Each structure stands twice: as structure tokens, then as C-alpha cells.
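A.B. asks: Just passing along the structure, written as C-alpha cells.
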Amino acid sequence: MGNVLKKILRLIWGIILCGSSTVFMLNSNIGLLPWDIFHEGISNVTGITIGEASIIVSFIVFLLSMATGEKVGVGSIVNVFLAGWVIDFLNYINIIPKADHIFTGIIMVVTGLFLLAYGCYLYMSCGLGCGPRDSLLVGLNKKLNKSINLIKTVMEVTVLLIGILLGGSFGLGTVISALGTGYTMELIFKLKKINAAKIKQKSLIDSLHDLKTFFCLLSTKKSSIN
């Protein structure tokens with residue numbers, strides 16, 4: 044029971060960190076990651092919040108990943124909604140300062156990259172399912188028989204260009220993020236001695252079975268105490 048609870052908490056904390064990383068980069072005022080540029084662009088045009096745009100896009104990507112036949116877990120579903128809620132909540136309470144200088148902005152972008160890397164490590168290492176974009180990436184790789192790097196590049200360049208056309212924030216931070224995301228991810232996973240490729244992600248059915256077992260054990264424990 045304790046192991047399941049620990050995984051759930053790690054999953055939630057990891058996604059919270061990922062959502063926080065977006066706000067750090069947003070408040071850096073020097074550019075966002077490609078997907079976040081896309082979300083901001085949608086926000087600019089429609090008037091919805093960036094978090095809401097993130098949720099809508101993530102849900103569509105989630106459905107597309109399922110259409111490829113790729114397994115999704117409960118973590119994938121939590122990722123769709125929680126990251127967007129965290130972004131909007133942090134923007135609402137305005138707790139993360141906005142950069143007023145390019146050097147401050149760079150520090151915030153780098154901080155955001157490490158938050159993102161550590162957040163990804165936490166929720167991926169739970170084995171409860173990858174994020175919707177990663178699931179779609181793997182699914183397209185299997186369907187199209189093209190390299191993951193090629194598919195990832197095409198996806199990110201596409202959303203980047205659309206995001207820029209919609210008024211999303213492209214700048215130095217985008218370049219730093221593009222160059223630094225892979226390195227920060229690799230560093231965190233190496234420090235934690237985790238091979239991301241070898242982490243077995245559970246399907247939604249397996250994850251729900253674990254959750255059912257957890258709540259059954261919790262109910263039994265409460266009954267025995269009473």
C-alpha cells in the first residue's frame with residue numbers, strides 16, 4: 044500500500060514541478076519552449092488562459108496517442124489536467140517574480156529547465172504512464188517507422204511556427220531551452236542512476252488495478268482500526 048501511495052505522490056509532485064517550470068520560463072520574458080509558445084499563442088488568440096490552452100492541447104494529443112495504439116497510464120491522464128491547473132494557479136497567485144533584465148531571465152529559464160527535468164524524472168520513474176506528448180511520439184515512431192528524433196523535431200518545429208504566428212513568445216529563452224533540455228534531463232537521470240528507456244510504464248488498466256488495490260487495502264486498514 045505504501046509503495047502505491049508513494050508513486051502517486053511522486054507523480055503529482057513531478058507534474059507540479061513541470062507546471063512550475065513553464066511559469067518560470069513564462070516570467071523570464073525571453074522566450075518559451077515550443078509547446079508553450081503554441082499554448083501562449085492559442086491563449087492570445089482565444090482569450091483562454093495558458094493553462095487552459097495547455098489542457099486542451101494535451102487532451103487532443105492524448106487522444107491522438109491512443110489512436111496510434113500506444114498504451115497510456117493514469118499518469119498520462121493526470122498530466123493532461125494537473126500541469127495546466129498548476130500553471131494557472133501559479134499565475135493567479137503571482138508568487139513567481141517576473142524578470143526585469145536579460146540575465147535574470149536567463150537564470151529563470153535555466154531554473155525552469157532543471158525543474159522540468161526533475162519533474163519528468165519523478166513522474167516517469169513512477170511507471171504510471173508517460174505524458175501525452177511522449178506517448179504520441181512513441182506511437183508515431185512505431186506507426187511510421189521513423190526515428191524519434193525526426194518525429195520530435197517535426198512536431199516541435201510545427202507547433203513552434205504556429206505558436207509564433209499566433210503571437211507566442213519566441214526568444215533567447217527558446218534557444219537556451221532547445222539546447223539545454225536534453226542535457227538537463229540526461230544530468231538528472233544520471234545523478235539518480237535511472238535509465239528512462241528501461242522504465243516499464245503501466246497501462247491505464249494496470250494503473251487502475253493498482254489504485255483499486257490501494258483503496259481496498261486502505262479501507263480494510265480503517266475497518267480493522269475501528
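Under our numbering, the residues of the sequence shown are numbered 44 to 269, in order. Quick reminder that beta carbons are idealized off the backbone N, C-alpha and C, glycines included. This one's a predicted model, so the numbers in the text were calculated from it and none came from an experiment.
#1: Nearest by alpha-carbon distance to P175: which of D131, K185, L234 and E113 is it?
#2: Give the DSSP-derived three-state secondary structure of L295 in the structure shown.
#3: Mark P77 as exposed unless 16 or more other C-beta atoms lie within 10 angstroms of its C-beta, in which case mark it buried.
#4: Which stretch, first to last residue, makes up the alpha helix (DSSP H) that contains L139?
#5: R53 by DSSP, collapsed to three states: which one?
#6: Using 10 angstroms around the beta-carbon of Y135, count the other beta-carbons present and answer buried if the total reaches 16, otherwise exposed.
#7: With DSSP collapsed to three states, give me the class of I73.
#8: Does DSSP put E113 in a helix, a strand or coil?
#9: Roughly how many whole angstroms lie between the Cα atoms of G74 and G90?
#10: Considering Cα atoms alone, identify which of L133, S86 and G170 is closest to G116.
#11: Can you round the beta-carbon distance between G206 and E95 to whole angstroms, since I take them to be within the 8 Å contact cut?
#12: Let me check understanding here. Comparing Cα to Cα, which of I120, I51, A142 and G162 lies closest to M228?
#13: Tell me whether the beta-carbon of S119 lies closer than 8 Å to the beta-carbon of S178.
C.D. replies: With the given structure in hand:
#1: Counting from 1 along the sequence shown, the entry for residue 175 is found at position 132. Ranked by Cα distance from P175, the options D131, K185, L234 and E113 are led by E113.
#2: What the structure shows of the chain is the stretch from 44 to 269, and residue 295 is not part of that stretch, so it cannot be assessed.
#3: The sequence position of residue 77 within the sequence shown is 34, counting from 1. By the beta-carbon neighbour count (other beta carbons within 10 angstroms, threshold 16), P77 is buried.
#4: For this step, residue 139 is matched to residue 96 along the sequence shown. Strictly speaking, residue 139 in this sequence is Ile, with Leu absent from that position. From DSSP, I139 is part of no alpha helix (DSSP H); its letter is neither H nor E.
#5: On the sequence shown, residue 53 is found 10 positions in, with the first residue counted as 1. In the structure shown, R53 sits in a helix (DSSP, three-state: H, G or I).
#6: Taking the sequence shown and counting its residues from 1, one reaches residue 135 at position 92. Exposed is the call here.
#7: Within the sequence shown, numbered from 1, the residue matching residue 73 stands at position 30. Coil at I73, not helix or strand.
#8: Residue 113 sits at position 70 when you count from the first residue of the sequence shown. In the structure shown, E113 sits in coil (DSSP, three-state: anything other than H, G, I, E or B).
#9: As a first step, residue 74 is located in the sequence shown; it is residue number 31 there, counting from the start. As a first step, residue 90 is located in the sequence shown; it is residue number 47 there, counting from the start. Distance between the alpha carbons of G74 and G90 is about 20 Å.
#10: The count along the sequence shown starts at 1 and reaches residue 116 at position 73. Here the closest residue by C-alpha is G170.
#11: Locating residue 206 in the sequence shown gives position 163, counting from the first residue. Locating residue 95 in the sequence shown gives position 52, counting from the first residue. About 15 Å separates the two Cβ atoms, so there is no contact after all.
#12: On the sequence shown, position 185 is the one that residue 228 refers to. Measuring from the Cα of M228, the nearest candidate turns out to be G162.
#13: Start at 1 with the first residue of the sequence shown, and residue 119 comes out as number 76. Start at 1 with the first residue of the sequence shown, and residue 178 comes out as number 135. Contact: yes.
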